[in-house]
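Protein chains in written order, with this note's numbering: chain D, 26 to 76; chain C, 36 to 463. Okay, structure first, notes after.
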């Protein structure tokens, strides 16, 4: 998830065009979303083992 | 560099903002009542006492330490990257020193943020109902007040996120007048971390079959608390519009109308969804829908049209009951107060919708950056800190305490001593 955040920051710094910036910020958010999915699945796994 | 110092703030605006901020705690009282009602009867006193304790802790921690980070001034810690200044943290007053001589607007900002940190701290407390120990809730509130909220508040209202517009031509920068991000999304993420670390209530997810339903013990509290919250929310959104968005007094009526429309559209949408799904409307889910509408209004009410506010509330009202179900049945998230959905998801939606419906170009990407910051940086930070804290002071009460109920275990007496205690169906 932090990797996604740094990707969004990089997008702001590196790109001045709105389209490129938007695309890379969206990529960063997608990386964060994947991180969130992994975290949720990890906790679901933990929960089912502890039942 | 920050919008704080040079901004004119006439005396009428000062008086109006002060009066509004004095009404804002009604939202906190309303949410406290909602949290109590959604918990079990055997934990009601601990829940309400805990709310007062976590609020007190968070506010003291914030005023003594956090305010130094949160405040914005021309002495802030700034990093230069690619020729642009990035305002990462305030270098303000520690221990509240010199506050009595501070400019009027700075004092109002402190009052707004004091109320905000109180709200942030009580959100995870509600999600940990029936198993989170009072000392754990207090420690969580202290961490939120000292570190987590101050950074989020600084970035959102005066720091680098607020300056995205000026520095990178991204609309008006990250806009969050009522605190949908710095208060509600942050509180929702803290609630998620608490739920993951403390685990579900005993018997909530049995080995076989679906999760056990553990309905709130007093839906009247929940509904009345929701109504109270509206009063506080109106004041909160209007004060935020005056303080952070420089709204003219004549604009405040639209802010109020948008707040009301978002809440009411969300309520009706939830009512219809639950009526369709369960055959009858679900009262506590309707209250959740109403609150979710209010949370979306925190982001939108000052910058979108009434029709857009109504639409944003409507969408929140549709997805909230579905999300509550998804979180519980599919993702095994035991969230008695529904904070992850109400504050987290609705806050996120409100911020994104503010970007979609705001008239400035580039506003959407600024809002997305704000959401990405809170989600990608704050959630791991909060989770990591809470995980470490759990090693030192166990968040969760011992099994015997959970069986007895938090009132008896932690306070030595029940909230309703004359009532017959129900047999607990969850212990099978």
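Ideal placement from N, C-alpha and C gives every residue a C-beta, glycine not left out.
Closer than 7 angstroms by C-beta to residue i: which residues in its own chain qualify, once you throw out the five before and the five after it? Chain order, please.
i                      : result
residue 254 of chain C : 72, 318 and 319
residue 52 of chain D  : 32
residue 302 of chain C : 321, 324, 325, 328 and 352
residue 364 of chain C : 245 and 246
residue 26 of chain D  : 57, 60 and 61
residue 55 of chain C  : 270, 273 and 274
residue 292 of chain C : 341
residue 130 of chain C : 99
residue 344 of chain C : 293, 296, 297, 332, 335 and 336
residue 330 of chain C : 215, 219, 377, 378, 381, 382 and 385
On the criterion of 16 or more Cβ atoms from any shown chain inside 10 Å, does residue i qualify as buried, or is it exposed?
i                      : result
residue 107 of chain C : buried
residue 52 of chain C  : buried
residue 267 of chain C : buried
residue 37 of chain C  : In this prediction, residue 37 of chain C has a pLDDT of 39, which is less than 50 and means its spatial position is unreliable; nothing more can be read from the coordinates.
residue 239 of chain C : buried
residue 45 of chain D  : exposed
residue 396 of chain C : exposed
residue 40 of chain C  : Because residue 40 of chain C carries a pLDDT of 45, less than 50, the predicted location of this residue cannot be relied on, and the following value inherits that uncertainty. Exposed, by the Cβ-count rule.
residue 80 of chain C  : buried
residue 428 of chain C : exposed
residue 132 of chain C : exposed
residue 340 of chain C : exposed
residue 370 of chain C : buried
residue 236 of chain C : buried
residue 148 of chain C : buried
residue 168 of chain C : buried
residue 431 of chain C : buried
residue 67 of chain D  : exposed
residue 47 of chain C  : exposed
residue 70 of chain D  : exposed
Under 8 angstroms between beta-carbons, which chain C residues line up against residue i? List them in chain order, please.
i                     : result
residue 48 of chain D : Within chain C, no residue comes near residue 48 of chain D; the closest Cβ sits about 10 angstroms away, beyond 8 angstroms.
Residues of chain D with CB closer than 7 angstroms to the CB of residue i, please, in chain order.
i                      : result
residue 95 of chain C  : Neighbours of residue 95 of chain C on chain D: none; closest Cβ ~30 angstroms, over 7 angstroms.
residue 52 of chain C  : The premise fails here: residue 52 of chain C is roughly 32 angstroms from chain D at the closest Cβ pair, so nothing lies under 7 angstroms.
residue 223 of chain C : Within 7 angstroms Cβ-Cβ: nothing; residue 223 of chain C doesn't reach chain D, min ~13 angstroms.
residue 203 of chain C : 37
residue 231 of chain C : 68
residue 403 of chain C : 50 and 54
Identify the contact partners of residue i in chain C, using a Cβ-Cβ distance below 7 angstroms as the criterion.
i                     : result
residue 38 of chain D : 116 and 117
residue 65 of chain D : 366
residue 57 of chain D : 407, 410 and 411
Who are the near neighbours of residue i in its chain, counting only those whose CB is closer than 6 angstroms to its CB and skipping five residues on each side?
i                      : result
residue 190 of chain C : 196
residue 252 of chain C : 75 and 76
residue 463 of chain C : Because the pLDDT of residue 463 of chain C is 48, which lies under 50, any placement of that residue in the model is unreliable, and the question is left without a value.
residue 110 of chain C : 126
residue 222 of chain C : 155, 158 and 378
residue 437 of chain C : 166 and 237
residue 192 of chain C : 279
residue 368 of chain C : 230 and 362
Under 8 angstroms Cβ-Cβ, which residues of chain D neighbour residue i?
i                      : result
residue 400 of chain C : 43, 46, 47 and 50
residue 408 of chain C : 30 and 33
Using only the heavy atoms of the ligand GTP, determine whether one of them is closer than 8 angstroms to the beta carbon of residue i.
i                      : result
residue 345 of chain C : For the ligand GTP, the structure offers nothing, since it holds no ligand at all.
From which residue to which residue does the alpha helix (DSSP H) around residue i run?
i                      : result
residue 232 of chain C : 221-233
residue 376 of chain C : No alpha helix (DSSP H) holds residue 376 of chain C; DSSP gives it neither H nor E.
residue 310 of chain C : 287-313
residue 102 of chain C : 102-105
residue 324 of chain C : 318-335
residue 247 of chain C : Segment: none, residue 247 of chain C is in no alpha helix (DSSP H) and carries neither H nor E.
residue 413 of chain C : Careful: residue 413 of chain C lies outside any alpha helix (DSSP H) and carries neither H nor E.
residue 355 of chain C : 341-360
residue 75 of chain C  : Here residue 75 of chain C belongs to no alpha helix (DSSP H), and DSSP marks it neither H nor E.
residue 140 of chain C : 139-162
residue 261 of chain C : 254-279
residue 387 of chain C : 381-392
residue 202 of chain C : 199-203
residue 450 of chain C : Taken as a continuous stretch (DSSP letters only), residue 450 of chain C belongs to no alpha helix (DSSP H), as it is neither H nor E.
residue 35 of chain D  : 27-39
residue 189 of chain C : 184-192
residue 48 of chain C  : 46-58
Could you tell me which chain D residues have their CB closer than 9 angstroms to the CB of residue i, listed as they occur along the chain?
i                      : result
residue 384 of chain C : Here the premise fails: no neighbours, minimum Cβ distance about 14 angstroms.
residue 395 of chain C : Those within 9 angstroms of residue 395 of chain C in chain D number zero; the least Cβ separation is about 12 angstroms.
For the beta strand (DSSP E) that contains residue i, what are its first and last residues?
i                      : result
residue 175 of chain C : Note, residue 175 of chain C: premise wrong, no beta strand (DSSP E); alpha helix (DSSP H) at 169-178.
Name the DSSP bridge partner or partners of residue i?
i                      : result
residue 120 of chain C : C:115
residue 236 of chain C : DSSP, once it has assigned bridges, lists no residue as partnering residue 236 of chain C.
residue 431 of chain C : C:167
List, in order along the chain, the chain C residues whose C-beta lies closer than 9 angstroms to that of residue i?
i                     : result
residue 26 of chain D : 410, 411, 412, 414 and 415
residue 62 of chain D : Those within 9 angstroms of residue 62 of chain D in chain C number zero; the least Cβ separation is about 10 angstroms.
Below 8 angstroms CB to CB, which residues in the same chain sit around residue i once its five sequence neighbours on both sides are set aside?
i                      : result
residue 114 of chain C : 120, 121 and 123
residue 69 of chain C  : 161, 256, 257, 260, 261, 264, 322, 326 and 372
residue 90 of chain C  : 63, 153, 156, 157 and 176
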